[in-house]
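> Residue numbering for the sequence shown follows this note's numbering, starting at 7 and increasing by one per position. The structure under discussion is supplied below as structure tokens; questions concerning it will follow.
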Amino acid sequence: MSQPVRIAMWSGPRNLSTALMRSFENRADCSVVDEPLYAYYLAETGLDHPGREDVLASQPQDWPSVVAAITSGPVATPVQYQKHMTHHLLPAVDRGALAGLQHAFLIRDPERVLVSYSKVRDEPTLADLGLPQQVEIFERFGGPVVDAADLLAAPEGVLRRLCAALGLAFDPAMLSWPAGPRDSDGVWAPHWYAGVEASTGFAAHSPGSSDPLPDRLLPLLEQCRPFYERLAAHRLRAEG
């Protein structure tokens with residue numbers, strides 16, 4: 007039996023990451039793993055996220071166990087899609103142990119990220135967004151880069167290019183999915199996934215997506231931009 011394709015999709019928060027996970031999960035040949043390093047991240051940082059105790063109880067709290075599972079654990083489908091939050095990748099995690107994964111990157115204009123994230127955390131930091139780790143993994147392993155704005159503007163074109171870059175056939179089932187929760191969702195879903203649970207595809211516009219950035223976050227935006235631009239220079243387009 008051939009080895010499964012293990013896709014590690016590295017994203018920051020508020021980047022359409024759960025919608026893209028839904029898209030891949032709707033393929034007949036694909037299973038998904040939702041933020042496998044989340045419990046490790048909370049245990050190490052001591053941060054008090056919504057549902058913290060449930061998260062800690064739901065996953066291994068040591069990174070070697072998680073990395074072993076996502077790189078060599080059993081997979082029931084030909085393709086495994088792993089949704090990773092880049093800020094979960096703390097310095098202790100051995101980057102070399104991730105070499106066997108097929109890496110890909112989901113980015114979004116940091117101004118839009120900060121507008122969205124500031125609604126759930128008053129004072130976000132660069133560490134909350136994981137952009138340095140995202141650039142680090144890209145520079146080490148490479149892989150296709152998808153910008154959320156491009157994905158929303160031309161879902162089929164961008165998904166076709168992403169699948170080609172990952173060595174997969176495009177499946178039209180990726181363009182829409184049934185509304186509602188999934189058994190594969192992390193236990194944190196009730197706190198974060200209301201929008202995606204109501205969705206059935208990639209919406210061209212979401213409420214509040216054009217709200218202005220609070221002035222207090224302008225210095226953080228300037229910190230974020232060089233990391234975003236480093237990745238955006240490589241993003242896939244729907245054509246070309």
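Where is the CB? At the ideal position from N, CA and C, for every residue including glycine.
Please determine, among Gly207, Ala14, Gly163 and Pro10, the residue with the shortest C-alpha to C-alpha distance to Ile143.
Considering only alpha carbons, the answer is Ala14.
> Quick one: Cα of Gly186 to Cα of Val61, how far?
Between Gly186 and Val61, the C-alpha separation is close to 20 Å.
> Nearest-angstrom Cα distance between Pro225 and Arg114?
Straight-line Cα distance between these residues: approximately 18 Å.
> In whole angstroms, what separates the C-alpha of Gln88 from that of Trp69?
So the two alpha carbons sit approximately 15 Å from each other.
> If contact is defined by three or more beta carbon pairs under 8 Å, each pair taking one atom from either stretch, is the region 16-29 in contact with the region 100-115?
Segments in contact, yes.
> Leaving out five residues on either side along the sequence, give the residues of the same chain with a beta carbon under 7 Å from the beta carbon of Gln67.
Ala45, Tyr46 and Ala49.
> What are the boundary residues of the alpha helix (DSSP H) that includes Tyr46?
Tyr46 -> alpha helix (DSSP H) spans Tyr44 to Thr51.
> Quick check: the Cα distance between Gln139 and Arg231, rounded to an integer number of angstroms?
Roughly 14 Å separates the two Cα atoms.
> Output yes or no for whether 8 Å exceeds the beta carbon distance between His197 and Asp134.
No, the pair does not count as a contact, with Cβ atoms beyond the cut-off.
> Is the Cβ-Cβ distance between Leu219 and Leu227 less than 8 Å?
A contact, by the Cβ cut-off of 8 Å.
> Taking just the CA atoms, how far does Leu165 sit from Gly148?
Distance between the alpha carbons of Gly148 and Leu165 is about 18 Å.
> Using alpha carbons as the reference points, say which of Ser29, Glu31, His240 and Asp191 lies closest to Arg152.
It is worth fixing the name first, because residue 152 is Val in this sequence and not Arg. Val152 has its Cα closest to that of His240, out of Ser29, Glu31, His240 and Asp191.
> Put Phe208 into one of helix, strand or coil per three-state DSSP.
Looking at Phe208 - three-state DSSP - the assignment turns out to be coil, as it is neither helix nor strand.
> Val39 by DSSP, collapsed to three states: which one?
Strand.
> Go to Met27, then tell me how far its beta strand (DSSP E) extends in each direction, as first and last residue.
It is not in any beta strand (DSSP E) - Met27 instead sits in the alpha helix (DSSP H) that spans Ser23 to Glu31.
> Measure the CB-CB distance between Tyr234 and Pro116 and report whether it falls below 8 Å.
Yes, the Cβ-Cβ distance between Tyr234 and Pro116 is below 8 Å.
> Taking all protein chains shown into account, decide if Thr51 is buried (16 or more other Cβ within 10 angstroms of its Cβ) or exposed.
By the 10 Å Cβ count, Thr51 comes out exposed.
> Decide if Ala25 is buried, meaning its Cβ has at least 16 other Cβ atoms within 10 Å, or exposed.
That one is buried.
> For Val11, which residues from the same chain have a beta carbon less than 8 Å from its beta carbon, with the 5 sequence-adjacent residues on both sides left out?
Answer for Val11: Pro84, Val85, Gln86, Gln108, Leu172, Gly173 and Leu174, listed in chain order.
> So what does DSSP say about Trp194, is it helix, strand or coil?
DSSP places Trp194 in coil when its eight states are reduced to three.
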